[in-house]
Each structure stands twice: as structure tokens, then as C-alpha cells.
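*Asks:* Shown below is the structure under consideration.
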Amino acid sequence: SKTYIVERGKEVVGPLIKQGTFLMKTQISHLEGSVNFKFGVLYAKDGQLTDDEMFSNETGSESFDKFLNLLGDTISLQGWAGYRGGLDTKNDTTGMNSIYTVYQGHELMFHVSTMLPYSKENKQQVERKRHIGNDIVTIVFQFQEGEDTSPSFKPSMIRSHFTHIFALVRYNSQNDSYRLKLFSEESVPLFGPPLPSPPVFTDHQEFRDFLLVKLINGEKATLETPTFAQKRQRTLDMLIRSLYQDLIPDLHKNMLNRRSFSDVLPESPKSARKKEEARQAEFVRIGQALKLKTIVRGDAPTSLVTTGLCRKEPWESQSFCSTFSYETVCADSWGQSLLVATEAAGVMMIDDAQVLPPVQVFDKTMVVKQMHVLEPQDLLITRTDKGKDARLYVFRLSMLKRGLEERQLVRTKCDSRENKLEKTKGTHTRRHTHS
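If you count by UniProt numbering, then the sequence shown holds residues 1 to 435, one letter each, in order.
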């Protein structure tokens, strides 16, 4: 069954507290990279074996320019008001143009090697390395001469202690396709989406979507490595202590340094009920102040779940069914059961208690690649097949449930023609937004 965590708001009193918590939240948000992202883009000619050679490419090729146009828009840095990713927007010291886009609400700025300042005297191209070498994720673009040519790039060619992920993009002019290969530092946890096999994309828009999601997820995964996690924890501790030191004198003055607890209550409550409510509210405020003081002093954990053997990592996976013999493509929960799409057996329903064997809902002619159960709307939305044959289907959950209860025949793709949405042919991904 689905588990929902309900966030309950806490009352924040005073403009200084509101301002302090807002600034702290903003700084933490930027530290976690949850708003905007900057990625490096390095143009490498085939056969170049050192970063000095790659950074010394003054201009790119026609295929590289085509790739940049796919990534985003070319913007003028002079007077740029959007996310700048550390680039100079006043004096053109970091070049005149750059590549920028907005994807899924995130602003993305690309540090393109051929757009950053080039120096004929400085063979190491320090100005270019200063930006790209400090990006967590860097794209390395190479032109591929033919199908069988193997890439010459290795991460060891780039001297950077900060870059954790390299995305090698190779363009093949023979079939107008892009091949993607990922190199991740071993401390970076696994992140999706998984690369297809083979990792070749002929649909350029699909490749763009896949690449941008992969880059964003890669940077977020890197922030969970010990190096970045410790830095984030130190910064968070510093922000909390700073906020505490700024506000706790006023907090103690107003809440704790009074003659008696009754002094904090209204002088003339209109009723016994309101008096009790005021007493409870003030009691909670004083308790929060004392708890904050204890936590900052280091004498108490912030939560019981962070101590002892009960501690669990966020989003820790749990086994639902260890005896399921089919390879899973996708799944979603439905009441106390789980709908699972497989390649070999279609869509199966597994009961939470697992007393009964899995029940087949659709046969293998329905090749479901993505599904979403919307119980409040009584809907099941699926994306089937792939490539140009992909389609969206919508089913009533109540209809499927009735068919299972009456033990009707397993539905086929032919049976589901009336559930097919028009004008969805070729759909390669879908997204559901809660409003």
C-alpha cells in the first residue's frame, strides 16, 4: 500500500525569524543544486589525448555546433539577467556568448570550451579550465568517423579534482545519430535513467531529453558522495548556529526571562477555553526554544530515527515479492496490490499478502513501458510499445477490477483498441502533474 508523509507547518513568529529561515532555506537549496545547474561542454577532436589539446581547440566543428543548438539557445552574456552559472555578465571576461536553456523548471547554463576565452600564449587555457574544471558534470563531444571506431577518451585525460561525471557524446554522420557513454567516479551512487542498449539515439529530441535528465540526476547523485555531503553538513551547521546566535537572545528575553509562566498568558482571557489554548501555545514555544538550545549544544539528536540500529537511509528500497520470476519493466501500486509490467508475460497483478499467485491482467501483446495508477480518478494510464509504434492507453480501474473478479479472459492489445488515445503515436515518455 502507498505511504504518504504529511508535512505539518510550524508557526514562525517575528520578521527576523522569518527572514533568517528564508535565507537559510535559499542557501541550502542552492547548495543542494536543486534549482539551477551548470554543466561543462568540452569539444575534443578524435585522437586528442590530453586536456591541454582539447581545451586548445579554438573553434568547434559543424556537428558540434549542431549539438550545441540541440542543447539550448545561444545567449549574449552582456546584461544577461537569468541564471549565469558563474559567468561574467558585465565585462565579457568569460566570453561573449554561452548556451542556456530551461528544462523542467530548472535553469541550465553550459560552460562551452569553444565559447570561453582562448589564449594563444597560454597553452593550458587556464581560463577555460577554471570554469569547466569546476563543474561536477562535463559533456565531452567527439565526432565519430564510422560505426566501428572506438572512443579514445578516458577520464584520466582530464586533470580535475572536482569533476565526478563525464558524459561522452559521439556523433555519427553516417546515420545522423548520437552515442552516449557515461563515466562516473566510483563514489557516486547509481542514478537513472538507465542507458538503453545499445546507447544510440536517432531521435535527437529524445536524446536531448534523456541527456539533460541524466546530467541533472548525475549532479544530484554526486552531492550525496561523502565529499559533498560533509561540505553540505558543515554549511548547514554553520547556518543553523548563525541563525540561533542572532535570534536566541531576543527569544530568551521575550519567552524565558519572565517572572512566572502565567505572565505569558493574556491578561483577560475571554473564556477558560481560550486561556487553556494560550497556555498550550506558549508551552510549545518555550519547549521549542529549549529543544533548539539542546540540539545546538549537541546534547540531543534531532530525531529518534537518526540514532541506533533503527536508522534507515532515505528512499531505502524494500523487497515486495522475492519469488517473482519475470524481469520487471515498470510497476505501480493499486490499492493493496502491485501492477507489474513484464516483457515476457504482459502485465501481472501481485497481491500484497502474496497468498495467491500473480494474476495476469494483460497478455504479452500489450508491451507496457510506463504506467501510472490514479486511484482517485479511477484511471490506469499506460504507454505501450516503443519508437514510432508507441501509444497511450487509458483504462478504468473499476472495469479492470470487475473483469478480474468475474475471471474474464486476459485482455489483449486487440481488446484494448477502444482505450487507445488518438494523436499519441510515437510518444516516447509521459509525465503526470498533480494540480
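Glycine included, C-beta positions come from ideal geometry on N, C-alpha and C.
1. Measure the CB-CB distance between phenylalanine 153 and alanine 44 and report whether it falls below 8 Å.
2. Give the straight-line distance between the Cα atoms of aspartate 385 and serine 197, rounded to the nearest whole angstrom.
3. Along the alpha helix (DSSP H) that carries arginine 128, what are the first and last residues, could you check?
4. Just to confirm, are threonine 89 and glutamine 78 a CB contact at a threshold of 8 Å?
5. Is the CB of serine 173 under 8 Å away from at least one CB in chain C?
6. Give every residue of the same chain whose Cβ lies closer than 7 Å to the Cβ of aspartate 378, excluding the five residues on either side of it in the sequence, and list them in chain order.
7. Cβ of leucine 338 within 7 Å of any heavy atom in the ligand SAM?
8. Quick one: Cα of aspartate 237 to Cα of serine 156, how far?
9. Is the region 205-225 close to the region 186-197, with three or more CB pairs under 8 Å?
10. Output needed for alanine 331: all residues of its chain with C-beta closer than 8 Å, excluding positions within five of it in sequence on either side, in chain order.
11. Buried or exposed, going by whether 16 or more other CB atoms sit within 10 Å of the CB of histidine 164?
12. Do you know offhand how far glycine 47's Cα is from glutamate 206's?
13. With threonine 101 and aspartate 73 assumed to form a contact (beta carbons below 8 Å), what rounded beta-carbon distance in angstroms separates them?
14. Looking at the unbroken beta strand (DSSP E) that takes in glutamate 121, where does it start and where does it end?
15. Give the straight-line distance between the Cα atoms of glycine 82 and threonine 225, rounded to the nearest whole angstrom.
16. Can you tell which of Met348, Gln336, Gln354 has the C-alpha that lies nearest to the C-alpha of phenylalanine 322?
17. Determine, using beta-carbon pairs with one atom in the region 399-418 and one in the region 356-365, whether at least three such pairs fall under 8 Å.
18. How many Å lie between glycine 133 and lysine 231 at the Cα?
19. Select from Asp203, Ile240, Glu406, Val188 the residue whose C-alpha is nearest the C-alpha of alanine 229.
20. Give me the DSSP bridge partner(s) of arginine 179.
21. Go ahead and label phenylalanine 261 buried or exposed: buried means 16 or more other beta carbons lie within 10 angstroms of its beta carbon, across all protein chains shown.
22. In chain order, what are the residue ranges of uninterrupted alpha helix (DSSP H) at least 4 long that sit wholly in the region 87-121?
23. Asparagine 419 by DSSP, collapsed to three states: which one?
24. From lysine 181 to asparagine 172, what does the alpha carbon distance come to, in whole angstroms?
25. Among the residues of its own chain, which have a CB less than 6 Å from the CB of proline 314, if the five just before and after it don't count?
26. CA-CA distance, leucine 392 and isoleucine 381?
27. Could you tell me which of Asn217, Glu58, Met366 sits nearest to asparagine 419, measuring between CA atoms?
28. Terminal residues of the continuous alpha helix (DSSP H) containing methionine 54?
29. Going straight from the alpha carbon of serine 143 to that of tyrosine 326, what length do you get?
30. Helix, strand or coil, according to DSSP, for serine 435 in the structure here?
31. Here's a check: name, in chain order, each residue in its chain whose Cβ is nearer than 6 Å to the Cβ of leucine 68, leaving out the five neighbours to either side.
32. Just tell me which of Gly105, Asn91, Ile139 has its CA closest to the CA of threonine 114.
33. Helix or strand or just coil, what does DSSP make of phenylalanine 210?
34. With DSSP as the reference, identify every bridge partner of phenylalanine 39, one or two as the case may be.
*Replies:* In short, the structure shows the following:
1. For phenylalanine 153 and alanine 44, yes; Cβs fall inside 8 Å.
2. Cα to Cα, aspartate 385 sits roughly 16 Å from serine 197.
3. Counting along the chain, the unbroken alpha helix (DSSP H) around arginine 128 starts and ends at 126-132.
4. Between threonine 89 and glutamine 78, the gap from beta carbon to beta carbon is short of 8 Å.
5. Absent from the structure: chain C. Only one protein chain is present.
6. Short of 7 Å from the beta carbon of aspartate 378, and not among the five residues preceding or following it, lie these beta carbons of its own chain, in chain order: Arg396, Leu397, Ser398.
7. Among the components of this structure there are no ligands whatsoever, and the ligand SAM is therefore not found.
8. Taking the straight line from one Cα to the other gives about 35 Å.
9. Because the criterion of three Cβ pairs below 8 Å is met, the region 205-225 and the region 186-197 touch.
10. Cβ-Cβ distances below 8 Å link alanine 331 to Leu338, Leu339, Val340, Ala341, Met371 in the same chain, with the five nearest sequence neighbours on each side left out; the list follows chain order.
11. Histidine 164 comes out buried.
12. Whole-angstrom Cα-Cα distance: 29 Å.
13. Your pair threonine 101 and aspartate 73 checks out as a contact, with CB atoms roughly 6 Å apart and the cut at 8 Å.
14. In this chain, glutamate 121 is not harboured by any beta strand (DSSP E), its DSSP state being neither H nor E.
15. So the two alpha carbons sit approximately 29 Å from each other.
16. Note on residue identity: the sequence assigns serine, not phenylalanine, to residue 322. Checking every option, the nearest Cα to that of serine 322 belongs to Gln354.
17. A contact between stretches requires three or more CB pairs, one per stretch, nearer than 8 Å, and the region 399-418 meets this requirement with the region 356-365.
18. Rounded to the nearest angstrom, the two C-alpha atoms are 19 Å apart.
19. It is Val188 whose Cα lies nearest to the Cα of alanine 229.
20. Arginine 179 is bridged to Arg170, Val200.
21. Reliability fails at phenylalanine 261, whose pLDDT of 49 lies under 50, so the model's placement of it is uncertain and the value that follows must be treated cautiously. Within a 10 Å sphere around the beta-carbon of phenylalanine 261 sit fewer than 16 other beta-carbons, which makes this residue exposed.
22. Runs of alpha helix (DSSP H) with 4 or more residues, each lying fully within the region 87-121, are absent.
23. DSSP places asparagine 419 in helix when its eight states are reduced to three.
24. Between lysine 181 and asparagine 172, the C-alpha separation is close to 14 Å.
25. Annotation note: pLDDT 43 at proline 314 (below 50); position unreliable, coordinate value reported separately. Excluding the 5 residues flanking it on each side, proline 314 has no same chain C-beta neighbour closer than 6 Å.
26. Roughly 7 Å separates the two Cα atoms.
27. That would be Met366, whose Cα lies nearest to the Cα of asparagine 419.
28. Boundaries of the alpha helix (DSSP H) around methionine 54: 51-55.
29. The residue you asked about is not serine; residue 143 is phenylalanine in the sequence shown. Looking at the two C-alpha atoms, the distance is approximately 39 Å.
30. Legend: pLDDT at serine 435 = 48, less than 50; position of this residue unreliable, value from coordinates given subsequently. Of the three classes helix, strand and coil, the one that applies to serine 435 here is coil, per DSSP.
31. Exclusion of the five residues before and after leucine 68 leaves Ile99 as the residues of its chain whose Cβ lies within less than 6 Å of its Cβ.
32. Of Gly105, Asn91, Ile139, the residue nearest in Cα terms is Ile139.
33. Residue state, collapsed to three classes: helix.
34. In the DSSP assignment, phenylalanine 39 forms a beta bridge with Phe110.
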